[in-house]
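**Student:** Residue numbers (the working numbering): 273 to 533.
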């Protein structure tokens, strides 16, 4: 066999192997799985939420340098406060339990949200803007520091509630520092009753806007969820999610338990 052909084949194989283990543009964040509605905490009130997300089955493909989410329990404690009509501020305190029982600090963030047309003004369209930023340890995000801008568009025609969050995240360190990354999310909820409302949610991580991540490295999810709303001052949201790509966590169980004071 021609030695040049052998060397060429070996080189192509090495390049293919390197490509298959190329790092994704952004580490997967399973601390918060939520499509935001255009609503804020009323002025002078406090909303405390506990987000719990369990990665029952991890991704089929692990990028070089990443830690598998398989069997990890992610928790986020989020107190929010209504500082003025149409304004709220909040903090994120994050932690994760690895399958071996190890407790890991997951970082902290601050966020602020502005509602532009409150629900009590009537109409089918509602708009809000959420901005947040903070720090996550390198094991959860190689960039460590980052900011996120989340426009929120809510449309409520009749019993249907559609929420669109075209999220733009900007890592502040690493090879993609300063480059916006697109992470859209959308939900469709049916307000069939005053207590229980089913919904379906979709999330995607598409990578940097300047060089979109390859389709096989992108993360895409579909969640089937159920909201228990207007049950006194309690809020309960629960669902299951399926990853649609090899880089996505295969199966996730999610809950949000909240109380407004």
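Glycine included, C-beta positions come from ideal geometry on N, C-alpha and C.
Residue 467 by DSSP, collapsed to three states: which one?
**Tutor:** By 1-based counting over the chain shown, the position of residue 467 is 195. Looking at residue 467 - three-state DSSP - the assignment turns out to be coil, as it is neither helix nor strand.
**Student:** Residue 379 bridges to which residues according to DSSP?
**Tutor:** Translated into positions along the chain shown, residue 379 becomes position 107. DSSP output for residue 379 lists 366 as bridge partner(s).
**Student:** Per DSSP, residue 409 is paired with what?
**Tutor:** Locating residue 409 in the chain shown gives position 137, where the first residue counts as 1. Answer is none; residue 409 lacks a bridge partner.
**Student:** Just how far apart, CA to CA, sit residue 416 and residue 407?
**Tutor:** Your numbering for residue 416 matches position 144 in the chain shown. Your numbering for residue 407 matches position 135 in the chain shown. Cα to Cα, residue 416 sits roughly 5 Å from residue 407.
**Student:** Is the CB of residue 484 under 8 Å away from at least one CB in chain D?
**Tutor:** No chain D is present in this structure, which holds just one protein chain.
**Student:** I need the boundaries of the beta strand (DSSP E) containing residue 352, first residue and last residue.
**Tutor:** For the purposes of this step, residue 352 is identified with residue 80 of the chain shown, where counting begins at 1. Counting along the chain, residue 352 sits inside the beta strand (DSSP E) bounded by residues 345–356.
**Student:** For residue 440, which residues from the same chain have a beta carbon less than 6 Å from its beta carbon, with the 5 sequence-adjacent residues on both sides left out?
**Tutor:** As a working mapping, residue 440 is identified with position 168 in the chain shown. For residue 440, where only same-chain residues beyond five positions count, the Cβ hits under 6 Å are 421 and 452.
**Student:** Quick check: what's the CA-CA separation for residue 349 versus residue 303?
**Tutor:** Within the chain shown, residue 349 is the residue found at index 77, counting from 1. Within the chain shown, residue 303 is the residue found at index 31, counting from 1. The straight-line gap from Cα to Cα measures roughly 10 Å.
**Student:** Kindly list the residues whose CB is nearer than 6 Å to the CB of residue 362, restricted to its own chain and excluding five residues on each side of it in sequence; keep chain order.
**Tutor:** As a position in the chain shown, residue 362 is number 90, starting the count at 1. Cβ within range, chain order: 350, 352 and 383.
**Student:** Can you look up residue 447 in the DSSP assignment and give me helix, strand or coil?
**Tutor:** Numbered from its first residue, the chain shown carries residue 447 at position 175. Reduced to three states, the DSSP call for residue 447 is coil.
**Student:** Given this structure, state the Cα-to-Cα distance separating residue 460 from residue 494, to the nearest angstrom.
**Tutor:** Within the chain shown, residue 460 is the residue found at index 188, counting from 1. Within the chain shown, residue 494 is the residue found at index 222, counting from 1. Distance between the alpha carbons of residue 460 and residue 494: 11 Å.
**Student:** With a CB to CB cut of under 8 Å and the five nearest residues on each side skipped, what residues in its chain are close to residue 380?
**Tutor:** By 1-based counting over the chain shown, the position of residue 380 is 108. Within the same chain, residue 380 has close Cβ partners 363, 364, 365, 366, 406 and 407.
**Student:** Would you check if the distance between the CB atom of residue 331 and the CB atom of residue 530 is smaller than 8 Å?
**Tutor:** For the purposes of this step, residue 331 is taken as the residue at position 59 of the chain shown. For the purposes of this step, residue 530 is taken as the residue at position 258 of the chain shown. Their beta carbons are not under 8 Å apart, which means residue 331 does not touch residue 530 by this criterion.
**Student:** Using a Cβ-Cβ cutoff of less than 6 Å, which residues in the same chain neighbour residue 522 once the five nearest sequence positions on both sides are dropped?
**Tutor:** The sequence position of residue 522 within the chain shown is 250, counting from 1. Cβ within range, chain order: 329 and 515.
**Student:** If we ignore side chains and look at the alpha-carbon of each, how far apart do residue 490 and residue 473 end up?
**Tutor:** Looking up residue 490 in the chain shown gives position 218. Looking up residue 473 in the chain shown gives position 201. Distance between the alpha carbons of residue 490 and residue 473 is about 17 Å.
**Student:** Along the chain, where does the beta strand (DSSP E) that runs through residue 528 open and close?
**Tutor:** As a position in the chain shown, residue 528 is number 256, starting the count at 1. In the DSSP annotation of this structure, the continuous segment of the beta strand (DSSP E) that includes residue 528 starts and ends at 523–532.
**Student:** Taking all protein chains shown into account, do 16 or more other C-beta atoms lie within 10 angstroms of the C-beta of residue 480, making it buried, or fewer, making it exposed?
**Tutor:** Looking up residue 480 in the chain shown gives position 208. Result: buried.
**Student:** Among the residues of its own chain, which have a CB less than 7 Å from the CB of residue 429, if the five just before and after it don't count?
**Tutor:** Counted from its first residue, the chain shown places residue 429 at position 157. Result list for residue 429: 396, in chain order.
**Student:** Under 7 Å Cβ to Cβ from residue 477, same chain only, skipping five residues before and after it: list those, please.
**Tutor:** Reading the chain shown from its first residue, position 205 is the one you call residue 477. Cβ within range, chain order: 298, 455, 490 and 491.
**Student:** Once DSSP output is grouped into helix, strand and coil, what is the label at residue 487?
**Tutor:** Residue 487 sits at position 215 when you count from the first residue of the chain shown. Reduced to three states, the DSSP call for residue 487 is coil.
**Student:** Between residue 418 and the rest of its own chain, which residues show a CB-CB distance below 7 Å, the 5 nearest in sequence each way excluded?
**Tutor:** Counting from one through the chain shown, the residue named residue 418 turns up at place 146. 405, 441, 442, 443 and 444.
**Student:** In the structure shown, what three-state DSSP assignment does residue 481 receive?
**Tutor:** Residue mapping note: residue 481 aligns to position 209 of the chain shown, counting from 1. For residue 481, the secondary structure class from DSSP, reduced to helix, strand or coil, is coil.
**Student:** Compare the Cα-Cα distances from residue 431 to each of 470, 411 and 400 and report the closest residue.
**Tutor:** Indexing the chain shown from 1 puts residue 431 at position 159. The residue with the shortest Cα to Cα distance from residue 431 is 470.
**Student:** Could you work out which residue in 410, 360 and 378 is closest to residue 400 when comparing CA atoms only?
**Tutor:** Sequence index remark: in the chain shown, residue 400 carries index 128 (1-based). Ranking 410, 360 and 378 by Cα distance to residue 400 puts 360 first.
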